[in-house]
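So for the sequence shown, this note's numbering puts the first residue at 1; every next one is plus one. Each residue gets a CB set at the ideal place from its N, CA and C atoms; glycine is no exception. Below is one structure, written out as structure tokens; comments come after it.
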Amino acid sequence: MGHNAGAARALELVRQQAPLVHNITNYVVMNNTANALLACGASPVMAHARQEVEEMAAMAGALVINIGTLSPPWIEAMLAAGQKANEVGAPVVLDPVGSGATTLRTETAMRLLAEIDIAVVRANASEALSLRPGLAGAGKGVDSRHQVDEALEAAKSLALELGAVLAVTGQVDLVTDGRRALRVAGGHALMGRVTGMGCTATALVGAFLAVEPDPLAAAAGALAYLGLAGRQAAARATGPGSFQVALLDALYNIDPPSLQTAALIAEA
Numbered sequence: 001m002g003h004n005a006g007a008a009r010a011l012e013l014v015r016q017q018a019p020l021v022h023n024i025t026n027y028v029v030m031n032n033t034a035n036a037l038l039a040c041g042a043s044p045v046m047a048h049a050r051q052e053v054e055e056m057a058a059m060a061g062a063l064v065i066n067i068g069t070l071s072p073p074w075i076e077a078m079l080a081a082g083q084k085a086n087e088v089g090a091p092v093v094l095d096p097v098g099s100g101a102t103t104l105r106t107e108t109a110m111r112l113l114a115e116i117d118i119a120v121v122r123a124n125a126s127e128a129l130s131l132r133p134g135l136a137g138a139g140k141g142v143d144s145r146h147q148v149d150e151a152l153e154a155a156k157s158l159a160l161e162l163g164a165v166l167a168v169t170g171q172v173d174l175v176t177d178g179r180r181a182l183r184v185a186g187g188h189a190l191m192g193r194v195t196g197m198g199c200t201a202t203a204l205v206g207a208f209l210a211v212e213p214d215p216l217a218a219a220a221g222a223l224a225y226l227g228l229a230g231r232q233a234a235a236r237a238t239g240p241g242s243f244q245v246a247l248l249d250a251l252y253n254i255d256p257p258s259l260q261t262a263a264l265i266a267e268a
């Protein structure tokens, strides 16, 4: 099956199965990512209380961990949920938001990677580079100061070390498991004018990963789907406000045949 066909099949399965995607994510994007998951066809839950995360993770098709707004109780909840997801065989996606910008973020990202079996790490180039020893401090908030190509070799090496797929997003997205590598083109400049687009990408990776056993295919398919939605939304929007609404409509209206035709996935 080709890459575009695989993306279309994953979207079809999400629509058929409506997998529960457990998100421990940040305050800034909870509404955005929940709505994006609903538009995709998944069933989001945004539970972060330490007292319930293990039960929720045990029920979920995938777990998404996003470190955008950290606190000690949330860190413990992330670890507990991730370990329970590992125990029951639910895949885990990590978004190391702002890793490299502060010690807390970098150390938390590294601890999560050390203590949880992560299937996919979705990060911008600076965040990905910060996960390499000696490269911490390269970040600027949650924005990328590095081009995706700069992160290619580091991403491949880190993916091999972790046994995880790295999805490094930018103007062109790179997805690699250390051996295979794909490029996903598309999207639109307006996506950089709306908060939470990276977090939305991570959540959609979780939805695809809940139905697609190959993490590389799941990540590439989800990114291609969001990129297509971004292009379609930008064609109708007059600015960032209308773009947000149009993006949700596009995520809802894109069907598997459209994704198979228009996805921009290629070998890297």
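Cβ separation of residue i and residue j, assumed to be a contact under 8 Å, to the nearest whole Å
{"i": "A201", "j": "A222", "result": "7 Å"}
{"i": "V64", "j": "V211", "result": "Actually they do not touch by this definition, with Cβ atoms about 14 Å apart."}
{"i": "N124", "j": "T195", "result": "Not a contact, Cβ separation roughly 14 Å."}
{"i": "V53", "j": "A34", "result": "About 17 Å separates the two Cβ atoms, so there is no contact after all."}
{"i": "V28", "j": "G68", "result": "6 Å"}
{"i": "P96", "j": "L131", "result": "7 Å"}
{"i": "L174", "j": "A155", "result": "6 Å"}
{"i": "N66", "j": "I24", "result": "7 Å"}
DSSP beta-bridge partners of residue i
{"i": "S130", "result": "Paired residues: none, contrary to the question."}
{"i": "N124", "result": "T169"}
{"i": "E267", "result": "L182"}
{"i": "I65", "result": "I24 and L94"}
{"i": "V175", "result": "A167 and L182"}
{"i": "P44", "result": "V21"}
{"i": "S99", "result": "T102"}
Closest Cα partner of residue i within the set the options
{"i": "G227", "options": "V21, A250, G82 and L166", "result": "A250"}
{"i": "G186", "options": "N86, E107, L209 and A263", "result": "A263"}
{"i": "N32", "options": "G198, A266 and L190", "result": "G198"}
{"i": "L94", "options": "I265, E87 and A128", "result": "A128"}
{"i": "A10", "options": "V92, A266, E87 and S258", "result": "S258"}
{"i": "K84", "options": "E115, N66 and T108", "result": "E115"}
{"i": "H3", "options": "A219, G230 and L248", "result": "A219"}
{"i": "A224", "options": "E87, F208 and M30", "result": "F208"}
{"i": "V153", "options": "A268, G6 and T102", "result": "What sits at residue 153 in the sequence shown is Glu, not Val. Comparing Cα positions, the closest option is A268."}
Beta-carbon proximity list for residue i, same chain, < 7 Å, skipping 5 on both sides
{"i": "A80", "result": "R50, V53 and E54"}
{"i": "A159", "result": "V165, L166, T176, D177 and G178"}
{"i": "L20", "result": "S43, V45, M59, A60 and G61"}
{"i": "L38", "result": "P44"}
{"i": "A234", "result": "H188, L190 and F243"}
Same chain, Cβ closer than 6 Å to residue i, five either side skipped, listed in chain order
{"i": "R236", "result": "A246"}
{"i": "P240", "result": "R193 and V194"}
{"i": "A266", "result": "R183"}
{"i": "V142", "result": "Reliability of the predicted coordinates at V142 is poor, the pLDDT of 49 falling under 50, and no value is obtained from them."}
Contacting residues, own chain, Cβ-Cβ under 8 Å from residue i (five flanking each side not counted)
{"i": "M56", "result": "H22, V45, A47 and A81"}
{"i": "Q17", "result": "G61, A210 and V211"}
{"i": "S157", "result": "R132 and G178"}
{"i": "R111", "result": "I75 and L79"}
is_contact[residue i, chain D] using C-beta, thresh 9 Å
{"i": "T169", "result": "The displayed structure is made up of one protein chain only, and chain D is not part of it."}
Distance cut-off 8 Å: residue i Cβ against heavy atoms of the ligand SAH
{"i": "A217", "result": "Summarising the ligand content, the structure contains no ligands, and the ligand SAH is consequently not present."}
Touching by the beta-carbon criterion (3+ pairs, under 8 Å), the segment 248-258 and the segment 71-90: Judged by pairs of C-beta atoms under 8 Å, the segment 248-258 does not touch the segment 71-90, as fewer than three such pairs exist.
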